[in-house]
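Colleague: Please find one structure pasted underneath; my questions will follow.
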Amino acid sequence: MERLEVKGLNHHFGFTEILRDINFTLEKGQMLSIVGPSGGGKTTLLHLCAGLLDVEEGKVTNTFASNSFAFQEGRLLPWKNVIDNIALGLLAKGEKTSIAIEKSKKIALRFGLEESDFEKFPKDLSGGMRQRVSFARALVVEPSLLFLDEPFSALDIGLKKELQTVLIEMIANKEISILFITHDLMEAIRLSDEILLLKADPGHIVKKFTYSLPQNERDDKFVYGESAKILQDAEIIDTFELELK
Amino acid sequence: MKFIIKILKDFPAYLWSGWGAIASIFLFIAFWDIGNQVYGALVLPSPLETFKTLTTMLQDESVWKEINITLYRASVGFGLSLIFGSLLGLLAGFFVTASIMSRPIVTILVGMPPIAWIVLAMIWFGMGDETVIFTVIVASFPIIFVGALQGTRTLDDDLKEMADSFKLPWHMKFFDVYFPHIFSYVFPAWVSGLGMAWKIVIMAELLATSDGMGASLAVSRSQLDTPTTLALVVIMIGSLMFIEYIILEPIKREVELWRD
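One line per chain: the protein sequences are L and P, in this order.
Quick note: the first sequence, position 189, residue 189 per the numbering used here, numbers continuous.
Quick note: the second sequence, position 117, residue 117 per the numbering used here, numbers continuous.
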């Protein structure tokens, strides 16, 4: 069974403690969100899980067959056009160029890019379009585990919903497992099976919320209702420093 | 291959965009002619006379021999700078210590006047090819070295991380992630290095050798032969302009299309 298991994970940058005693498991077909305020070590945690940082203390076991990463700021190669950027991961896997280009074009259209954009360089794209390209690049390799680092933050509401629908569909079909970090609670409630609340200084998990209703059956009413409920939670108020002064 | 075809395809459009440049060259020649009318032919020969001298010179085989000698010295010197400057610059860029240590040395190399190098080279190598080539290397090497060094130092860590996350194999990492960035620094450095090499080769020849265009310049000076002097200058500038605007600039445009 494919799973990502994090056990007793601690992390330091120099003398600063970033993460303390993180434990969780992500099962196949699950979407796990880590929410918390900015600067709370979320990105560090994600990088540790994805193997982009070396684990110093604790254990991260990743048995997923393949994984890919969608970054917060896109991170496209400025000297490659849209299609070549999307095809990067496929080519790295050794896919034939013509097939990689074909697949990239297909997914680009699915994510709302136009054919006239295909030859453009990232400098000529809007922030939202860049994010779509980055998203497409991560999904075109059909990863069994996807790491998402606030990929929706630069998108307008319509596009955000579009991309989320794509993810919800994939989750419903059990095609993919996702580790998602965000500071947007509603986004997390709409998408996640499980939400971990990460409190800062140093980052540690204070609470876990579980939602059993399948993602594709969650409507706005559910999301707003749960959001209202969660915002009353003492730990949430404390972590996000929500209390009115 | 695709790339070369694209450069050739865009070439006519590029040439067509050169009318402004040509107009400004003609304007310059017009001012030159005014200078001739004010100061007389001994101080500043007219453009017409200069170009006439140039045509007769270019029909003379011995002049071509001098040009070839100079070309040989410049290209050997520049070629060596290009190879070693790029390679050492890249290497130094990959190691923090090496880049810190190389900085003062580069400052010394850049700060030392080329004329001082020529004097030293004359003492070390005597009057000949080696002196000229050495001076050319010393003058153009640091420019290329610094270009390559900065190209490597400024590689984007975020992109490196992205490349790691997609497990790019080393050749893709190099050609798709590192190379385009480094090249966008190294290539302009090559262009300025070449300009420097071409200027220095003439200066070194004028002082240290008895053949080559620099030496011809020294002879025309001693004979107060201003038309020949100017004709030589036209050859030097003309060849530099040809290399820079007809060969290098179209490549540069294509290579840097992705830049803002």
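Every residue, glycine too, gets a C-beta built ideally from N, C-alpha and C.
This structure is a prediction, so every number in the text was calculated from the model and none was measured.
#1: Cα separation between Thr43(L) and Phe134(P)?
#2: For the 8 angstroms Cβ check, are there 3 or more pairs between the segment 144-153 of chain L and the segment 37-54 of chain L?
#3: Terminal residues of the continuous alpha helix (DSSP H) containing His181(P)?
#4: Classify Phe180(L) as buried or exposed, calling it buried when 16 or more other Cβ atoms lie within 10 Å of its own Cβ.
#5: Once the 5 residues before and after Ser66(L) are set aside, which same chain residues still bring their CB inside 6 angstroms of it?
#6: Can you look up Phe111(L) in the DSSP assignment and give me helix, strand or coil?
#7: Tell me, please, whether the CB atom of Arg190(L) is closer than 8 angstroms to any CB atom in chain P?
#8: For Glu142(L), does the three-state DSSP call read helix, strand or coil?
#9: If contact is defined by three or more beta carbon pairs under 8 angstroms, each pair taking one atom from either stretch, is the segment 161-173 of chain L in contact with the segment 1-17 of chain L?
#10: Return no unless some Cβ of chain L is closer than 8 angstroms to the Cβ of Trp124(P).
#11: Cβ closer than 8 angstroms: which chain P residues qualify as neighbours of Lys123(L)?
#12: Taking C-alpha atoms, which residue in Ser212(L), Leu213(L), Lys93(L), Leu197(L) lies nearest to Val206(L)?
#13: Nearest to Met57(P) by alpha carbon, out of Tyr245(P), Thr228(P), Asp260(P), Ser239(P)?
#14: Considering only C-alpha positions, which residue in the set Glu254(P), Thr226(P), Ile246(P) is nearest to Leu54(P)?
#15: Around the Cβ of Asp219(L), are there at least 16 other Cβ atoms within 10 angstroms (buried) or fewer (exposed)?
#16: Taking Cβ-Cβ distances shorter than 7 angstroms, what residues in chain L pair up with Asp164(P)?
#17: Give me the DSSP bridge partner(s) of Asn62(L).
#18: Which stretch, first to last residue, makes up the alpha helix (DSSP H) that contains Met31(L)?
#19: May I have the straight-line CA-CA distance separating Ser177(L) from Asp238(L), to the nearest angstrom?
#20: What residue ranges within the segment 5-68 of chain P form continuous alpha helix (DSSP H) runs of no fewer than 4 residues, ordered along the chain?
#21: Please go through the same chain and pick out, in chain order, the residues whose beta-carbon is closer than 7 angstroms to the beta-carbon of Leu76(L), but skip the five residues on each side of it.
#22: Does the distance from the CB of Gln153(L) to the CB of Leu32(L) come in under 8 angstroms?
#23: Can the beta-carbon of Ile22(P) be found closer than 8 angstroms to that of Ser86(P)?
#24: Classify Lys229(L): buried if its beta carbon has 16 or more other beta carbons within 10 angstroms, exposed otherwise.
#25: Return the CA-CA distance between Gly195(P) and Lys120(L), expressed in angstroms with no decimal places.
#26: Kindly identify the DSSP beta-bridge partner or partners of Gly79(P).
#27: Please report the distance separating the alpha-carbon of Glu5(L) from that of Phe78(P).
#28: Just to confirm, is the Cβ distance from Gly93(P) to Thr152(P) under 8 angstroms?
#29: Please tell me whether Phe118(L) and Val141(L) are closer than 8 angstroms, where the distance is taken between their beta carbons.
#30: Short of 8 angstroms in beta carbon distance, which residues of its chain neighbour Thr70(P), apart from the five on each side in sequence? Order them along the chain.
#31: Closer than 8 angstroms, CB to CB, is Met172(P) near chain L or not?
#32: Where do the ends of the beta strand (DSSP E) carrying Ala286(L) lie?
#33: Check whether the Cβ of Leu91(L) lies closer than 8 angstroms to any Cβ atom in chain P.
#34: Does Pro78(L) come within less than 8 angstroms of chain P when only Cβ atoms are used?
#35: Taking Cβ-Cβ distances shorter than 8 angstroms, what residues in chain P pair up with Arg262(L)?
#36: Please name the residue in Val255(P), Glu49(P), Trp32(P) whose C-alpha comes closest to that of Lys2(P).
Modeller: With the given structure in hand:
#1: Along the first sequence, read from residue 1 onward, the residue named residue 43(L) stands at position 43. Along the second sequence, read from residue 1 onward, the residue named residue 134(P) stands at position 134. C-alpha separation (whole angstroms): 53 angstroms.
#2: Using a Cβ-Cβ distance cut-off of 8 angstroms, the segment 144-153 of chain L and the segment 37-54 of chain L are in contact, since at least three pairs of beta carbons, one from each stretch, lie closer than that value.
#3: Within the second sequence, the letter at position 181 stands for residue 181(P). Run containing His181(P): 179-208, per the alpha helix (DSSP H) assignment.
#4: Locating residue 180(L) in the first sequence gives position 180, counting from the first residue. Result: buried.
#5: The sequence position of residue 66(L) within the first sequence is 66, counting from 1. Pro143, Ser144, listed in sequence order.
#6: Mapped onto the first sequence, residue 111(L) falls at position 111. Of the three classes helix, strand and coil, the one that applies to Phe111(L) here is coil, per DSSP.
#7: The sequence position of residue 190(L) within the first sequence is 190, counting from 1. It does not; no Cβ of chain P falls within 8 angstroms.
#8: Here residue 142(L) refers to the residue found at position 142 of the first sequence. Coil, per DSSP.
#9: The segment 1-17 of chain L is not in contact with the segment 161-173 of chain L.
#10: In the second sequence, residue 124(P) corresponds to position 124, counting from 1. It does not; no Cβ of chain L falls within 8 angstroms.
#11: Within the first sequence, the letter at position 123 stands for residue 123(L). By Cβ distance, chain P contributes Trp258, Arg259, Asp260.
#12: By one-based count along the first sequence, residue 206(L) stands at place 206. Of Ser212(L), Leu213(L), Lys93(L), Leu197(L), the residue nearest in Cα terms is Leu197(L).
#13: Mapped onto the second sequence, residue 57(P) falls at position 57. The option with the nearest alpha carbon to Met57(P) is Thr228(P).
#14: Here the question's residue 54(P) lines up with position 54 in the second sequence. Residue Thr226(P) is the option with its Cα nearest to Leu54(P).
#15: Residue numbering aside, residue 219(L) sits at position 219 when the first sequence is read from its first letter. So Asp219(L) counts as exposed.
#16: The residue you call residue 164(P) lines up with position 164 of the second sequence. Per Cβ cutoff of 7 angstroms: Leu52.
#17: Taking the first sequence and counting its residues from 1, the one referred to as residue 62(L) is at position 62. Asn62(L) is bridged to Leu4(L).
#18: On the first sequence, residue 31(L) is found 31 positions in, with the first residue counted as 1. Counting along the chain, Met31(L) falls outside any alpha helix (DSSP H), though it belongs to the beta strand (DSSP E) covering 31-35.
#19: By one-based count along the first sequence, residue 177(L) stands at place 177. By one-based count along the first sequence, residue 238(L) stands at place 238. Those two C-alpha atoms are separated by around 30 angstroms.
#20: Fully enclosed alpha helix (DSSP H) runs of 4 or longer: 19-39, 47-59.
#21: Walking along the first sequence from the start, residue 76(L) turns up at place 76. Result list for Leu76(L): Asn85, Pro122, Arg130, Val133, Ser134, in chain order.
#22: Counted from its first residue, the first sequence places residue 153(L) at position 153. Counted from its first residue, the first sequence places residue 32(L) at position 32. It should be noted that the sequence gives Ser, not Gln, for residue 153(L). Taking 8 angstroms as the Cβ cut-off, Ser153(L) and Leu32(L) do not qualify as a contacting pair.
#23: Residue 22(P) sits at position 22 when you count from the first residue of the second sequence. Residue 86(P) sits at position 86 when you count from the first residue of the second sequence. Cβ distance not < 8 angstroms, so Ile22(P) and Ser86(P) don't count as in contact.
#24: Taking the first residue of the first sequence as 1, we reach residue 229(L) at position 229. It counts as exposed.
#25: Translated into positions along the second sequence, residue 195(P) becomes position 195. Translated into positions along the first sequence, residue 120(L) becomes position 120. Near 34 angstroms, if we compare the C-alpha coordinates of Lys120(L) and Gly195(P).
#26: For the purposes of this step, residue 79(P) is taken as the residue at position 79 of the second sequence. DSSP output for Gly79(P) lists no bridge partner at all.
#27: One-based indexing of the first sequence puts residue 5(L) at position 5. One-based indexing of the second sequence puts residue 78(P) at position 78. Each residue's Cα considered, the two are about 57 angstroms apart.
#28: Walking along the second sequence from the start, residue 93(P) turns up at place 93. Walking along the second sequence from the start, residue 152(P) turns up at place 152. Cβ distance < 8 angstroms, so Gly93(P) and Thr152(P) count as in contact.
#29: Here residue 118(L) refers to the residue found at position 118 of the first sequence. Here residue 141(L) refers to the residue found at position 141 of the first sequence. No.
#30: Taking the first residue of the second sequence as 1, we reach residue 70(P) at position 70. Correct list, in chain order: Val201, Ile202, Glu205, Gly212, Met213, Gly214.
#31: On the second sequence, residue 172(P) is found 172 positions in, with the first residue counted as 1. Taking Cβ atoms only, chain L reaches closer than 8 angstroms to Met172(P), which makes this a yes.
#32: The structure shown has nothing for residue 286(L), since chain L only spans 1 to 245.
#33: Here residue 91(L) corresponds to residue number 91 of the first sequence, with the count starting at 1. Chain P contact via Cβ: present.
#34: Here the question's residue 78(L) lines up with position 78 in the first sequence. At least one chain P Cβ lies under 8 angstroms of Pro78(L).
#35: No information on residue 262(L) is available, as it lies outside the stretch 1 to 245 that chain L covers here.
#36: For the purposes of this step, residue 2(P) is identified with residue 2 of the second sequence, where counting begins at 1. Minimum Cα distance to Lys2(P) is reached at Val255(P).
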